[in-house]
Every structure is written in structure tokens, then in C-alpha cells.
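Here's the structure we're looking at; comments come further down.
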Amino acid sequence: MVKFSSLALFGLLSLASAAPRVVNVMPFGASIASHCWRANLQTSLRAISVNNFDFVGSQTSNCAGVNIDQNHQGLPGALATDFAKNGNLPTWLAAAKPDVILMLLGTNDVLIARKPVADILAAYDILIAQMRANNPNMQIVFSNLLPLDPARFPAAAVQGIKDLNAAIATYTHKMATSASPVYLVDNYEGFNVLTDTTDGEHPNESGNAKMAAKFFQSTRNAIRAVSRSRFVVKRRRVTGAARRAEAVNLMG
1 MVKFSSLALF
11 GLLSLASAAP
21 RVVNVMPFGA
31 SIASHCWRAN
41 LQTSLRAISV
51 NNFDFVGSQT
61 SNCAGVNIDQ
71 NHQGLPGALA
81 TDFAKNGNLP
91 TWLAAAKPDV
101 ILMLLGTNDV
111 LIARKPVADI
121 LAAYDILIAQ
131 MRANNPNMQI
141 VFSNLLPLDP
151 ARFPAAAVQG
161 IKDLNAAIAT
171 YTHKMATSAS
181 PVYLVDNYEG
191 FNVLTDTTDG
201 EHPNESGNAK
211 MAAKFFQSTR
221 NAIRAVSRSR
231 FVVKRRRVTG
241 AARRAEAVNL
251 MG
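The opening residue of the sequence shown carries number 1 in UniProt numbering; numbering runs sequentially from there.
Structure follows, in C-alpha cells:
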């Protein structure tokens, strides 16, 4: 029987485990989550050799680009408060098994349902708890909301977006944990409702590019955090295997 030294075995196993595992990324929200900022984001990630991701979700879009992963979990007209009340998210999480959530949700709660900020934050509480129940180490990339065109939408809704965004700025910090960080993405700042939307609400090509740029750093960091945590676990397992192999060699 051929015997390997623990060092040689460690090297072989380390090489086998060196390639980063695929990280599942789920864009989650309403119609804006289904837009093609996701394609811009994927292209930007690949440009810096972050390739070990798979966008997941039960929905698909037709976004242009090379090797674009079309999956997402964005449903037009969706409300955070409805998702929390109806318990939709756990089913989607069980099917998609995300490691990272890209969340932009709440515009329709303000614009359509006219929900108060406290109700929307309570819904966020439930949704984040469901994410962490599915994966205690969930990386949550949490975007605030895009502005609304005041010429097209009621003043109360325009102000409601501002009020909710102000609350989100402190909420995300409060909800972050060491195991499951929450990364705040500010898509409101610098977004122009006249030049970056098709209808005063949803992003056009310019808006998609801006959103991708805003999501980029936090998404990259989240993917790398998942990759690092998996590598540490695998390295510990490899070290243990090498030690056991060395013990066998010594006994033999």
C-alpha cells in the first residue's frame, strides 16, 4: 500500500479544495429587483475575477449581456408586509438555498398600501428572521429605496420613501450580526428620477448602471465572506485528515 506523508496529503487535499465554491445570490424584492441592474452587476463582478456565484430564485428576466444569469426573486407589485404576513419567503429560500440576499423591497408598501414606517420595519424583522432561520450565516445586502418623481407621484409617497430610507439607515446597523452581516446600499443618493427611470419609478439603462455600481462593493464583499468562511472550514477538515493520515503512517 502506498503511504503519503501528512505534508503531501495536506498539499493534495488543499489543492483539491482551493477552488472557491459557488455562492448562491438571490435578488429579492418587487419589480425593481427584476430589472437588469443584475446583469450590469454580474458583468462588473466578473471583470475583477469574482466568478464563483450563481444568481438564484424562481423568477427569470431577459437581460442582455454575455453569460448573464437571469434568476431572481423579484415580483412586480409585491409588498414587504404581504411577504411577511403570507410566509412566502421560507419556501423560496428552501428552494434556492441562497448564501447572499440582495434586498430592495418596500416601495409598494409606501406607494400602494400607504403603510407606516413602523409596519414596514416590522415586516423586515420577520423577513430577516426567516432568512437567518434558513441560513444562520446569511449575508444580507440591503438597499434603501429609489426616489419617486414628485411630478408623477403623490407628495405623501415621495416623502414616505424619504422617511423609510431614513429609518433603514439605522435599522440595518441594528440588525447586523457578526455571523449574518447586513450591508447597507444607498441607491437613493445620486439617482435622478428624470434621467435614470422609465416612468419616474423604475430604472432605465442609466439607472441600472447606477444601481449595479452601488450594489457592487457590498455584493463582492458578501461573496468573498462566504468563500472565506467555507475555505476556513475546509482547511480545518483537511488539516484533521492530514493528521489522521500521519497517525496511520506512523502506526504502519
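Ideal placement from N, C-alpha and C gives every residue a C-beta, glycine not left out.
- Between E201 and F142, the CB-CB gap reaches or exceeds 9 Å.
- Counting along the chain, the unbroken alpha helix (DSSP H) around M175 starts and ends at 155-175.
- When the Cα atoms are used, V226 and S49 turn out to be separated by approximately 16 Å.
- DSSP places T195 outside both helix and strand once states are collapsed to three, so it counts as coil.
- The residue among R220, R224, S229 with its C-alpha nearest the C-alpha of S44 is R220.
- Rounded to the nearest whole angstrom, the CA to CA distance from W37 to L102 is 12 Å.
- Judged by DSSP in its simplified three-state form, L105 adopts coil rather than helix or strand.
- Nearest neighbour of E205 by Cα position, chosen from P181, G65, V22, turns out to be G65.
- The alpha carbon of K174 has as its nearest neighbour, out of Y124, A80, Q73, the alpha carbon of Y124.
- When only Cα atoms are considered, N67 and N51 end up about 11 Å apart.
- Here N192 is exposed, its C-beta having fewer than 16 other C-beta atoms within 10 Å.
- If you look at S143, you'll find it in the beta strand (DSSP E) that goes 139-143.
- Per DSSP, the continuous alpha helix (DSSP H) segment holding Q130 begins and ends at 117-134.
- A residue is called buried when at least 16 other Cβ atoms come within 10 angstroms of its Cβ; I112 does not meet this threshold and is exposed.
- Here DSSP, grouped into helix, strand and coil, assigns N187 to coil.
- In the pairwise beta carbon analysis, the stretch 183-197 is classified as touching the stretch 133-148: at least three pairs are separated by under 8 Å.
- Put simply, the stretch 205-218 does not touch the stretch 150-164. Fewer than three CB pairs are less than 8 Å apart.
- Contact between I126 and V182 is absent: CB atoms are separated by about 15 Å, not below the 8 Å threshold.
- Nearest to A122 by C-alpha distance, out of P27, K97, S34, K85, is K85.
- The alpha-carbon of A129 is positioned some 16 Å away from that of M26.
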